[in-house]
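Chemist:
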Amino acid sequence: MLKRTTWITAMAVLVLAAACANQKGPATKAVADAETALAAFRDDAARLLPDDLSAVDSTLASLKDSLAKGDFKAVVAAAPDLSSRIAALRDATDAKKAEWEAANAAAREQWSVYAADLPKMVEAIQSRVDILGKARRLPRNVSQEAFDSAKSGLDWMTTTWAEANDAFNAGNAVDAAAKAQAVKDKGNEVLGLLGLAPAAS
Amino acid sequence: MASEEKPEVADPTKAAAENPYTQHYVVQKGDTLSKIAREYYGDAMLYPKIFEANRDILSDPNRIKPGQRLRIP
Numbered sequence: 004m005l006k007r008t009t010w011i012t013a014m015a016v017l018v019l020a021a022a023c024a025n026q027k028g029p030a031t032k033a034v035a036d037a038e039t040a041l042a043a044f045r046d047d048a049a050r051l052l053p054d055d056l057s058a059v060d061s062t063l064a065s066l067k068d069s070l071a072k073g074d075f076k077a078v079v080a081a082a083p084d085l086s087s088r089i090a091a092l093r094d095a096t097d098a099k100k101a102e103w104e105a106a107n108a109a110a111r112e113q114w115s116v117y118a119a120d121l122p123k124m125v126e127a128i129q130s131r132v133d134i135l136g137k138a139r140r141l142p143r144n145v146s147q148e149a150f151d152s153a154k155s156g157l158d159w160m161t162t163t164w165a166e167a168n169d170a171f172n173a174g175n176a177v178d179a180a181a182k183a184q185a186v187k188d189k190g191n192e193v194l195g196l197l198g199l200a201p202a203a204s
Numbered sequence: 049m050a051s052e053e054k055p056e057v058a059d060p061t062k063a064a065a066e067n068p069y070t071q072h073y074v075v076q077k078g079d080t081l082s083k084i085a086r087e088y089y090g091d092a093m094l095y096p097k098i099f100e101a102n103r104d105i106l107s108d109p110n111r112i113k114p115g116q117r118l119r120i121p
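So the sequence lines, in the order shown, correspond to chains L and D. So the first sequence is residues 4 to 204, counted in the working numbering. So the second sequence is residues 49 to 121, counted in the working numbering.
Right, here's the structure in full:
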């Protein structure tokens, strides 16, 4: 009786070991495939959907941990879901990228208008501020308070315009155009403070 | 018979290069650059700024003509 039980136990261990060995290959391949699939669009996902990428990365890390512990069954069981999530993230990233590229293209067109216009606006304001700064008194339509606000407004415009150029040169036309519009708005305000009629836009 | 003296105006071909944000003033009878400087800058002594900005149409700061369109930098 004892002999028979020992034999059954030994067989069971052998079957289990064989089953485990059978799962190791698919489990290893599943993790490698997931890493390869993710690597193909990781940079875009990190830029456009960082939270979603982080969630998928977390699941992948969990599977790698199971693989390292030899829990191949768990890896194989979880692999299809991870694969689906990676595919969904890839689709979402592609959609977001297309959306971003369309917005960036539109912003690049806007930028060309700003780039032609705003340096002239800044130059005209700078010129008037420099001249009024030398005046023994201000003109009747410009108070000291307005002049001081105009000077600080001009400083802000100069700084923000430089930031807009940096953003554009870094390839972010959307951010650049938003900053440029803010500079234009401030410029119109400053023109008013200095008694200069804003140019028709 | 002397022809009627016409005011000089900025060359229209330069219009494209003009700064659209620069203010302009059309000279009226009795105006001087000092008077215009006092009006726009609060200080008549700053008239050379207007003269320098309009050297293409002014050769003498004491000679401006009604109808001239001056840049006020």
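Here a beta-carbon is modelled for each residue, glycine too, at the ideal position from N, C-alpha and C.
#1: Assign Arg50 of chain L to one of two classes, buried (16 or more other C-beta atoms within 10 Å of its C-beta) or exposed (fewer than that).
#2: Let me see if you follow: with CB-CB separation under 8 Å, is Thr80 of chain D close to chain L or not?
#3: Short of 8 Å Cβ to Cβ, which residues in the stretch 127-153 of chain L face chain D?
#4: So, is Asp158 of chain L buried or exposed, given that buried needs 16 or more other C-beta atoms within 10 angstroms?
#5: Taking Gln76 of chain D as part of the beta strand (DSSP E), name the residues at either end of that continuous run.
#6: Would you mind giving the Cβ-Cβ distance between Val78 of chain L and Val34 of chain L, rounded to the nearest angstrom? I have them listed as a contact below 8 Å.
#7: Whole angstroms is fine: what's the gap from Ala165 of chain L's alpha carbon to Val125 of chain L's?
#8: May I have the straight-line CA-CA distance separating Ser57 of chain L from Tyr117 of chain L, to the nearest angstrom?
#9: Is it buried or exposed for Ala81 of chain L, if we count other Cβ within 10 angstroms and need 16 for buried?
#10: Does the beta carbon of Tyr95 of chain D come closer than 8 Å to any beta carbon on chain L?
#11: Does the beta carbon of Met124 of chain L sit closer than 8 Å to a beta carbon anywhere in chain D?
#12: Assuming contact is defined by CB atoms lying nearer than 8 Å, are Ala37 of chain L and Leu85 of chain L in contact in what I supplied?
#13: Please determine, among L:Leu52, L:Ala138, L:Leu63, the residue with the shortest C-alpha to C-alpha distance to Lys100 of chain L.
#14: Going by DSSP, what residue range makes up the alpha helix (DSSP H) through Arg93 of chain L?
#15: Out of L:Gly73, L:Asp68, L:Ala40, point me to the one whose CA is closest to Asn25 of chain L's CA.
#16: Tell me the DSSP bridge mates of Leu118 of chain D?
#17: Are any of the Cβ atoms in chain D nearer than 8 Å to that of Leu194 of chain L?
#18: Helix, strand or coil, according to DSSP, for Ser155 of chain L in the structure here?
#19: Could you list which residues in chain D have their beta carbon closer than 8 Å to that of Leu85 of chain L, in chain order?
#20: Taking Asp120 of chain L as the reference, which of L:Ala183, L:Ser155, L:Asp97, L:Arg131 has the closest Cα?
#21: Go through its chain and collect everything with a Cβ distance to Ala176 of chain L's Cβ below 7 Å, but skip five positions before and after it.
Modeler: Quick look at the numbers:
#1: One-based indexing of the first sequence puts residue 50 of chain L at position 47. With fewer than 16 Cβ atoms within 10 Å of its Cβ, Arg50 of chain L is classed as exposed.
#2: Position 32 of the second sequence, counted from the first residue, corresponds to residue 80 of chain D. It does not: the Cβ of Thr80 of chain D has no partner Cβ on chain L nearer than 8 Å.
#3: Ala127, Ile128, Ser130, Arg131, Ile134, Leu135, Lys137, Ala138, Arg139, Arg140, Leu141, Pro142, Arg143, Val145
#4: Counted from its first residue, the first sequence places residue 158 of chain L at position 155. So Asp158 of chain L ends up on the exposed side.
#5: Translated into positions along the second sequence, residue 76 of chain D becomes position 28. Per DSSP, Gln76 of chain D belongs to no beta strand (DSSP E) and is neither H nor E.
#6: Mapped onto the first sequence, residue 78 of chain L falls at position 75. Mapped onto the first sequence, residue 34 of chain L falls at position 31. Right, their Cβ atoms sit about 7 Å apart.
#7: Here residue 165 of chain L refers to the residue found at position 162 of the first sequence. Here residue 125 of chain L refers to the residue found at position 122 of the first sequence. Approximately 12 Å, taken between the alpha carbons.
#8: Residue mapping note: residue 57 of chain L aligns to position 54 of the first sequence, counting from 1. Residue mapping note: residue 117 of chain L aligns to position 114 of the first sequence, counting from 1. Cα to Cα, Ser57 of chain L sits roughly 37 Å from Tyr117 of chain L.
#9: Residue 81 of chain L sits at position 78 when you count from the first residue of the first sequence. The residue in question, Ala81 of chain L, is buried, as its Cβ has 16 or more Cβ neighbours within 10 Å.
#10: The residue you call residue 95 of chain D lines up with position 47 of the second sequence. Answer no: the Cβ-Cβ gap between Tyr95 of chain D and chain L never drops below 8 Å.
#11: As a position in the first sequence, residue 124 of chain L is number 121, starting the count at 1. For Met124 of chain L, the closest Cβ of chain D is nearer than 8 Å.
#12: Position 34 of the first sequence, counting from 1, holds the residue named residue 37 of chain L. Position 82 of the first sequence, counting from 1, holds the residue named residue 85 of chain L. Using a Cβ distance threshold of 8 Å, Ala37 of chain L and Leu85 of chain L count as a contacting pair.
#13: By one-based count along the first sequence, residue 100 of chain L stands at place 97. The residue with the shortest Cα to Cα distance from Lys100 of chain L is L:Leu52.
#14: Start at 1 with the first residue of the first sequence, and residue 93 of chain L comes out as number 90. Unbroken alpha helix (DSSP H) run through Arg93 of chain L: 75-137.
#15: For this step, residue 25 of chain L is matched to residue 22 along the first sequence. Selected option, being the one with the closest Cα: L:Gly73.
#16: The count along the second sequence starts at 1 and reaches residue 118 of chain D at position 70. For Leu118 of chain D, which the question treats as bridged, DSSP gives the partners D:Tyr73.
#17: Taking the first sequence and counting its residues from 1, the one referred to as residue 194 of chain L is at position 191. Closer than 8 Å: yes.
#18: Locating residue 155 of chain L in the first sequence gives position 152, where the first residue counts as 1. Three-state DSSP puts Ser155 of chain L in a helix.
#19: What you label residue 85 of chain L is simply residue 82 of the first sequence in a count that begins at 1. Within 8 Å Cβ-Cβ: nothing; Leu85 of chain L doesn't reach chain D, min ~58 Å.
#20: If you number the first sequence from 1, residue 120 of chain L lands on position 117. Checked all of L:Ala183, L:Ser155, L:Asp97, L:Arg131; the closest Cα to Asp120 of chain L is L:Ala183.
#21: Along the first sequence, one-based indexing puts residue 176 of chain L at 173. Closer than 7 Å at the Cβ level, and outside the excluded window around Ala176 of chain L, lie Asn107, Ala110, Arg111, Trp114.
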